[in-house]
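Have a look at the structure below before the remarks.
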Amino acid sequence: MSFNLRGAIMQNIQGSDEEKVEATIQDAIQSKEEKMLPGLGVLFEIYWQEANEQEKAEMIQQISQGLQK
Numbered sequence: 005m006s007f008n009l010r011g012a013i014m015q016n017i018q019g020s021d022e023e024k025v026e027a028t029i030q031d032a033i034q035s036k037e038e039k040m041l042p043g044l045g046v047l048f049e050i051y052w053q054e055a056n057e058q059e060k061a062e063m064i065q066q067i068s069q070g071l072q073k
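Quick note: the sequence shown, position 56, residue 60 per this note's numbering, numbers continuous.
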C-alpha cells in the first residue's frame with residue numbers, strides 16, 4: 005500500500021482562506037521542522053500552476069537572489 009502524501013496534504017488544506025494559508029506558511033517557516041517541507045512544496049506547486057509567466061519569472065528571480073545570500 006502506498007501513501008499519497010500530495011493528496012493527503014491537498015485534502016488537509018483544501019478550502020483554506022488567505023488567512024489560513026498565510027498561517028500555514030508562517031508556521032512551517034518558523035517551526036523549521038523538516039516534516040513541514042512537503043506541505044510547503046505542495047503550496048508552491050499550487051502557486052506555480054496558477055501563476056502567469058511574469059509571476060513565475062519574478063518568483064525565480066526572488067529565489068535566486070535569496071540563494072545568493
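Virtual Cβ for every residue (Gly too), placed ideally from N, Cα, C.
Between the alpha carbons of Q34 and T28 lies a distance of about 10 Å. In terms of Cβ geometry, K60 and W52 form a close pair [threshold 8 Å]. DSSP, read as helix, strand or coil, puts N8 in coil. Following the DSSP letters along the chain, one finds G45 inside the alpha helix (DSSP H) bounded by residues 41-54. C-alpha of E49 to C-alpha of G43: approximately 10 Å in a straight line.
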